[in-house]
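Student:
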Amino acid sequence: MGQAYRVQMQGIQKAFAGIKALRGVDFFLLPGEIHALVGENGAGKSTLMKVLSGAYAMDAGEVRIDGKPALLGTPRRGKELGVGIVYQEFELADDLTIAENILIDRLGRHGIVHWKALFAKAQAVIHGLGFDIDVRSLVRDISVAYKQVVEIAKALSADAKILILDEPTAVLTPTETHKLFETMRALKAQGVSIVYISHRMEEIFSVCDRVTIMRDGEVTGSGPLASFTPDSVVELMIGRKLSTMYPPRNARPGAELLRVEGLSGRAFSDIGFTLHKGEVLGIFGLVGSGRTEIVRAIFGADARKGGKVWLSGRETHIRSPHQGMRQGLALIPENRKEQGLVLDQSISRNMSLCNIRRVSQPRGILRRRKERALAEELIARLSVKAGNPINPVKTLSGGNQQKVVIAKWLAASFQVLIMDEPTRGVDVGAKVEIYQIMNQLAAQGVGILMISSELNEIIGMCDAVMVVDKGRKMGALSKEELSEKSIMKLVVGGKQ
Ligand SMILES: Nc1ncnc2c1ncn2[C@@H]1O[C@H](COP(=O)(O)OP(=O)(O)OP(=O)(O)O)[C@@H](O)[C@H]1O
Ligand SMILES: [Mg+2]
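What follows is the structure, encoded as structure tokens:
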């Protein structure tokens, strides 16, 4: 019976310093299927897959691959057994070429590198995935989306028969996502079994065959997707029904707060818009459209080349993030790993980093008790799943790290809040919590600029939207005009 399964994981347990990440998990994977693995932030998805790849040793349980007990425990062993994994956070070597990254494990096994053969082999893998990227480029020079493709090529080049993708589309544009789905379907037709982790329900229902749902280290449901609905999956994930995804906002936009005219800088030019008190203004654009550069220039993180910025009617000349913060701006950055967090520092220290005054005495002495109290307040406010606030941030799950980035900024005081992809990698329950906080802030008169590439979120949350592409403003839409179609029309066509 069990023979039919590609992977059987039974009774898997794993704990980290007291936190039970997996409490006896059963997981079954068929040959040639795409299997969705879903659950709240911190549910144990990545941990379970790291056990399967050999990156983590389990505390108890059994793993069988093609019916035979698999003695995992090291990533090398996982690879030998045909398990390829693309981790949630990138693991590429920036200074090497794409080809070297793809074949890194097989380089120099006999002390000689056959460059020509190496490049040809790597190029074949990339072409096989349907992408046209020169494998001689350095990884540091390619876009995030391409890095994702390289990660997948790397996992596949070892002839994986089990491919694990841990939130691969978080940084992809819709077009690239479609390409990835085509690739996944082609691999499935060749008999590869794919585990697909994502927080995006539409993606799961469009590309996956079966689903396993986790909550707090346990499986709460598993079966063919046809026997579930998006609502029933969410309910099993969060343990309750989710009534509204986008909570209504009573606040109406008020007086002018932030006005930008003719702003130019690295990767964008001639950008103009007005943000009002209590308004949520969306900036819709794809990865690489210049959207992040625009808000960084406004905040003072990047230099501007031209243009004017007014705050409450007064022209400002913000030249550094420090000045931006003093003028009442706050920016929740897109990239938590590089800009948002100090990974080796504790959760509470990270949360107090931009609130130093709140947690220190007048002469700048840090008050540990206050720091801890602040951390506990923020952890509760955003339901961060953290064992102890003194643990390093890197021990948190991916989505919970993102919550820490958001939490630390929410404790600061500001008039304009800039959020760059605030809900990327965050589970549905926490998304609603973030939306509720946005509404509360708007009701207090804060103006919010929200960058997002998720159309649903833009349509559900914004009072108005500016669409950007290739560093240019393609047009603006009012709340009444907002629809998937009207936004995408601006992306491809543009109107002024
Ligand atoms: N290396 C580690 N050290 C300590 N705790 C860890 C470690 N890795 C994971 N954990 C804990 O194990 C639990 C499960 O984490 P995991 O990363 O598997 O969650 P996840 O389901 O992948 O969540 P997300 O959707 O946020 O990525 C979390 O409570 C997390 O804090
Ligand atoms: Mg994870």
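With the working numbering applied, the sequence shown covers 377 to 872. By construction, the Cβ of each residue, glycine as well, lies at the ideal position given by its N, Cα and C atoms. Note that the structure is predicted; figures quoted are calculated from it, not measured.
(1) Taking buried to mean at least 16 other C-beta atoms within 10 Å of its own C-beta, is serine 533 buried or exposed?
(2) What's the C-alpha gap between tyrosine 381 and methionine 560?
(3) If you draw a straight line from the C-alpha of glutamate 860 to the C-alpha of alanine 627, how long is it?
(4) Give me, in chain order, the residues of the same chain whose beta-carbon lies closer than 7 angstroms to that of isoleucine 395; leave out the 5 immediate sequence neighbours on both sides.
(5) Which residue marks the beginning of the beta strand (DSSP E) containing leucine 657, and which one marks its end?
(6) Ordered along the chain, which non-local residues of its own chain (more than five positions away) have a Cβ less than 8 angstroms from that of glutamate 797?
(7) What is the DSSP secondary structure of alanine 493, counted as helix, strand or coil?
(8) Please decide whether glycine 630 counts as near chain B, where near means a Cβ-Cβ distance under 9 angstroms.
(9) At a cut-off of 8 angstroms, would you count asparagine 477 as near ligand 1, judging by its Cβ distance to the nearest heavy atom?
(10) Counting only the same chain and skipping the five closest in sequence on each side, list residues whose C-beta sits under 6 angstroms from that of lysine 871.
(11) Please report how far the alpha carbon of valine 780 lies from the alpha carbon of tryptophan 491, in whole angstroms.
(12) To which residues does DSSP link valine 439 through a beta bridge?
(13) Whole angstroms are fine: how far does the CA of leucine 472 sit from the CA of lysine 330?
(14) Could you tell me which of His411, Glu416 and Ala819 sits nearest to leucine 612, measuring between CA atoms?
(15) Restricting to Cα atoms, I'd like to know which of Leu479, Met434, Phe644 and Phe649 is closest to glutamate 632.
(16) Run the Cβ filter for me: residues under 7 angstroms from any heavy atom of ligand 2, listed in the order they occur in the chain.
(17) Quick one, are the C-beta atoms of alanine 498 and isoleucine 478 less than 9 angstroms apart?
(18) Per DSSP, threonine 692 forms a beta bridge with which residues?
(19) Spell out the partners DSSP gives serine 722 in its beta bridges.
(20) By the three-class DSSP mapping on this structure, what secondary structure does arginine 848 have?
(21) Compute the distance between the beta-carbons of methionine 842 and glycine 658, then report whether it is under 9 angstroms.
(22) Confirm the yes/no value for this check: CB of leucine 428, any heavy atom of ligand 1, distance under 8 angstroms.
(23) DSSP three-state label for glycine 869, please.
Tutor: Inspection of the coordinates gives the following:
(1) buried
(2) 19 angstroms
(3) 24 angstroms
(4) Gly763
(5) First-last of the beta strand (DSSP E) with leucine 657: 656-660.
(6) Glu710, Ile827, Ser828 and Ser829
(7) helix
(8) Checking the listed chains, one finds no chain B in this structure; it contains a single protein chain.
(9) Asparagine 477: no, Cβ never under 8 angstroms from ligand 1.
(10) Since pLDDT at lysine 871 reaches only 47, below the 50 mark, its modelled position is unreliable, and no value is offered.
(11) 44 angstroms
(12) Met385
(13) There is simply no residue 330 to check, as the chain begins at 377 and stops at 872 in what is shown.
(14) With distances taken between Cα atoms, leucine 612 lies closest to Glu416.
(15) Residue Phe649 is the option with its Cα nearest to glutamate 632.
(16) Residues flagged by the Cβ proximity filter: Lys421, Ser422, Gln464, Asp542, Glu543, Ile573, Ser773, Gly774 and Gly775.
(17) yes
(18) Val685
(19) Pro768
(20) strand
(21) yes
(22) If you check the C-beta of leucine 428 against ligand 1, you find no heavy atom less than 8 angstroms away.
(23) coil
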